[in-house]
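Enquirer: In the UniProt record's numbering, the protein residues as written are 9 to 451.
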Amino acid sequence: TTAIPHPPWRVPLLGDVVGAGSRTPVQDTMKQARGLGPIFTRRFLKREIVFVAGAELSAELADESRFSKHLALAVEALRDIGGDGLFTAYNEEPNWKAAHDVLLPAFTQSAMRGYHATMLDVTAQLVEKWDRGGVVDVSADMTKLTLETIGRVGFGYSFESFERSSAHPFVRAMTGSLAYAQGTTVTFPLVRKLFGRAARERYGRDLAYLAEVVDSVIRSRRGTQGTDLLGLMLASGALDDVNVRNQVITFLVAGHETTSGALSFALYYLSRHPEVVARARAEIDSVWGSAEVPEFEQVAKLRYVRRVLDEALRLWPTAPAYARQAREDTVLGGKYPMRAGQWALVLLPLVHRDPAMWPTPEAFDPDRFSPVQVRSRPGHVYKPFGTGERACIGRQFALHEAMLALGTVLRRYDLVGSADYRLKVAETLTLKPEGFRLTPRRR
Ligand code: MNH
């Protein structure tokens with residue numbers, strides 16, 4: 009057995025001070041990881057985290073017979089918000105399986121057919137906004153698009169994202185409670201103290217408000233038909249009221265920030281790579297032709313646009329980490345013993361840049377996802393949607409929504425970015441470009 013490396017400058021008692029309490033923990037850890045190899049550990053006070061940065065070890069952790077999902081730190085902190093909803097449920101909680109069985113049919117490729125018209129509607133709202141001209145804040149507009157899409161497709165509820173000049177109170181309560189919950193995981197006790205009584209009370213009010221809005225949507229829908237997510241859950245009768253509320257909140261949270269970030273990063277790279285735009289446009293023109301809006305089937309046929317999205321999610325997987333725990337005592341990578349229940353955090357931006365799998369890993373190159381190149385790599389090295397039975401249930405949903413939006417804006421606009429913008433990645437629970445603006449011009 010081998011000791012797991014840790015960063016230099018470990019301070020007695022305190023541990024690895026550098027990086028603790030940071031506002032950009034993922035990017036700080038990425039910098040800190042240089043030279044430490046495929047696995048390393050960081051300790052602050054009594055809390056020690058093992059990070060996996062290498063593709064091979066990450067692929068090993070994908071073995072479902074030996075490992076399962078672990079609710080680490082930031083995810084566990086969301087229990088107040090998501091409760092026993094799919095994302096924050098413990099593996100052994102009966103409601104995970106019950107809800108997964110009810111909801112799986114709502115996320116198949118064929119279920120997406122039923123959501124296509126609503127997704128087109130929301131995309132049209134984005135187009136209407138961009139047609140008015142001027143500079144747009146990309147992450148903000150992508151968030152409007154994705155929140156509106158999950159609200160309307162999931163629950164028949166509109167946040168009127170495109171009609172409002174400031175955020176819907178539900179969105180403010182959601183963002184505020186997420187920020188508070190995430191803040192509680194900050195390792196510096198001093199920083200934690202700053203979250204005083206006022207903030208805690210506000211958090212309580214936000215949570216109560218989220219529940220109230222969702223419960224009123226559910227009440228208004230009881231007894232009615234519907235094939236959206238809420239309709240399925242109500243019709244099944246398999247989920248209790250509190251669980252249905254938890255699922256709705258879970259889908260609103262899990263279903264919008266990640267897709268919004270993915271779209272924003274893709275648009276950022278497109279604004280920097282005219283040759284990629286040219287190839288994507290040629291494909292869109294040939295597959296979609298001159299029809300005003302694409303048919304359902306025409307969306308997934310944008311194979312090159314899909315590679316653009318895949319490559320954006322390689323470099324900046326917007327859900328940047330997930331945790332895996334050992335089912336039984338085992339040895340990782342042939343040399344690192346793990347006791348049953350012990351876990352490691354898979355840090356995707358590092359795993360996705362492992363030079364052993366990805367030559368010139370920092371370069372943006374959608375051709376990495378051409379069939380030939382995909383076949384040349386081992387399995388389980390690209391994991392933006394997580395792994396195993398707790399992997400993302402919303403993957404097809406996100407892909408359809410994102411490819412529809414990318415195809416639509418690439419076909420309609422030249423995306424003029426400002427030449428001196430340097431990518432700045434903001435971290436909440438998810439990653440997104442900050443301050444990235446475009447001036448969409450009708451072609
Ligand atoms: Mn999603 C789980 C990434 C879009 C709903 N999602 C996960 C996980 C990752 C992830 C990674 C696994 C986390 C873990 O192991 O702890 N999700 C994404 C990304 C996008 C995304 C990168 C967009 C791009 N997710 C969506 C959308 C929805 C959604 C859209 C809903 C409409 N995701 C979920 C749910 C889970 C999840 C629900 C939890 C599934 C489970 O544990 O059963």
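Glycine residues also receive a C-beta, built at the ideal position from the N, C-alpha and C atoms.
1. Using C-beta distances below 6 Å, list every residue in its chain close to Tyr217, excluding the 5 sequence neighbours before and after it, in chain order.
2. Between the alpha carbons of Val146 and Ser268, how many angstroms are there, rounded?
3. The beta strand (DSSP E) with Leu340 in it runs from where to where?
4. Determine, using beta carbons only, whether Gln35 and Pro15 come nearer to each other than 8 Å.
5. Using only alpha-carbon positions, find the residue among Trp351, Ala348, Pro369, Gly349 that is nearest to Pro357.
6. Is it the case that the CB of Lys105 approaches a heavy atom of the ligand MNH more closely than 7 Å?
7. Where DSSP assigns a beta bridge to Met346, which residues make up the other side?
8. If you scan the stretch 94 to 128 from start to end, which runs of the alpha helix (DSSP H) of 4 or more residues do you find wholly inside it?
9. Since I believe Ala85 is in contact with Gln190 (beta carbons under 8 Å), could you give me their beta-carbon distance rounded to a whole number of angstroms?
10. With hydrogens ignored, establish whether the beta-carbon of His108 is closer than 7 Å to any heavy atom of the ligand MNH.
11. Considering only residues of the stretch 133 to 214, which uninterrupted alpha helix (DSSP H) runs meet the minimum length of 4 residues and lie entirely inside it, listed in chain order?
12. Report the option in Gly45, Asp236, Glu435 whose CA atom is closest to the CA atom of Ser59.
13. Locate the alpha helix (DSSP H) running through Gly90, then write down its first and last residues.
14. Flag this pair as touching only if the stretch 313 to 329 and the stretch 380 to 400 have three or more C-beta atom pairs under 8 Å; answer yes or no.
15. Taking DSSP's pairing of strands, which residues face Gln333 in a bridge?
16. Rounded to the nearest angstrom, what separates Ser66 and Ala329 at their Cα positions?
17. Buried or exposed for Glu265, please, with buried defined as at least 16 other CB atoms from any protein chain shown within 10 angstroms of its CB.
18. Is the stretch 275 to 285 in contact with the stretch 111 to 121, if contact means three or more CB pairs nearer than 8 Å?
19. State the DSSP-derived secondary structure class of Val19, mapped to helix, strand or coil.
20. So what does DSSP say about Thr49, is it helix, strand or coil?
21. Whole angstroms are fine: how far does the CA of Gly62 sit from the CA of Gly43?
22. From the DSSP output, read off the bridge partner residues of Pro448.
23. Please determine, among Ala206, Leu237, Asp249, the residue with the shortest C-alpha to C-alpha distance to Ser224.
24. At a threshold of 7 Å, does Tyr330 count as lining the ligand MNH (C-beta to nearest heavy atom)?
25. Please determine, among Thr49, Leu247, Leu153, Glu209, the residue with the shortest C-alpha to C-alpha distance to Ser169.
26. Under 8 Å, do Arg253 and Val222 count as touching if we go by C-beta distance?
27. Using a Cβ-based criterion (distance less than 7 Å to any ligand heavy atom), does Arg335 qualify as near the ligand MNH?
28. Let's test the definition: count the other Cβ atoms within 10 Å of the Cβ of Trp351 and tell me whether it reaches 16, buried, or not, exposed.
29. Would you say Val433 touches the ligand MNH, meaning its beta carbon is less than 7 Å from a heavy atom?
30. Just the Cα atoms here: how many angstroms apart are Ile57 and Arg51?
31. List the DSSP bridge partners of Leu437.
32. Could you compute how far the alpha carbon of Ser73 sits from the alpha carbon of Met127?
33. Per DSSP, which one or two residues make a beta bridge with Phe59?
34. Tell me whether Lys432 is buried or exposed, calling it buried when 16 or more other Cβ atoms sit within 10 Å of its Cβ.
Expert: On the basis of the data shown:
1. Ala181.
2. Put simply, the backbone Cα of Val146 is about 9 Å away from that of Ser268.
3. The continuous beta strand (DSSP E) containing Leu340 extends over residues 338 to 340.
4. Cβ distance not < 8 Å, so Gln35 and Pro15 don't count as in contact.
5. That would be Pro369, whose Cα lies nearest to the Cα of Pro357.
6. No, the Cβ of Lys105 stays beyond 7 Å of every heavy atom of the ligand MNH.
7. DSSP output for Met346 lists Thr338 as bridge partner(s).
8. Annotation note: the stretch 94 to 128 contains the following uninterrupted alpha helix (DSSP H) runs of length 4 or greater, listed N- to C-terminal: 102 to 111.
9. Beta-carbon to beta-carbon, Gln190 and Ala85 are separated by about 6 Å, close enough to satisfy the 8 Å threshold.
10. The answer is yes for His108.
11. Here the runs fully enclosed are 146 to 163, 177 to 191, 197 to 201.
12. In the sequence as displayed, the identity of residue 59 is Phe instead of Ser. For Phe59, the nearest C-alpha among the options comes from Gly45.
13. Per DSSP, Gly90 belongs to the alpha helix (DSSP H) from 87 to 90.
14. Short answer: they touch.
15. Beta-bridge partners assigned by DSSP to Gln333: Ser76, Trp351.
16. Taking the straight line from one Cα to the other gives about 11 Å.
17. Glu265 comes out buried.
18. No: the two stretches stay apart, fewer than three of their Cβ pairs being nearer than 8 Å.
19. Shown here, Val19 sits in a strand according to DSSP, grouped into three states.
20. In the three-state DSSP reduction, Thr49 falls in the strand class (E or B).
21. Roughly 12 Å between the two C-alpha positions.
22. In DSSP, Pro448 forms a bridge with Leu423.
23. Ranked by how close their Cα comes to the Cα of Ser224, the residues Ala206, Leu237, Asp249 have Asp249 in first place.
24. With a cut-off of 7 Å, the C-beta of Tyr330 is classified as near the ligand MNH, since at least one heavy atom of the ligand falls inside that distance.
25. The residue with the shortest Cα to Cα distance from Ser169 is Leu153.
26. Their beta carbons are under 8 Å apart, which means Arg253 touches Val222 by this criterion.
27. No, Cβ of Arg335 sits at least 7 Å from all heavy atoms of the ligand MNH.
28. Trp351 is classed as buried because its beta carbon has at least 16 other beta carbons within 10 Å across all chains shown.
29. Because no heavy atom of the ligand MNH lies under 7 Å away, the Cβ of Val433 does not count as near it: no.
30. Here the C-alpha atom of Ile57 lies approximately 6 Å from the C-alpha atom of Arg51.
31. Listed as beta-bridge partners of Leu437 by DSSP are no residues whatsoever.
32. Rounded to whole angstroms, Ser73 to Met127 spans 38 Å at the Cα level.
33. Its beta-bridge partners are Phe48, Leu353.
34. Looking at its Cβ environment, which holds fewer than 16 other Cβ atoms inside 10 Å, Lys432 is exposed.
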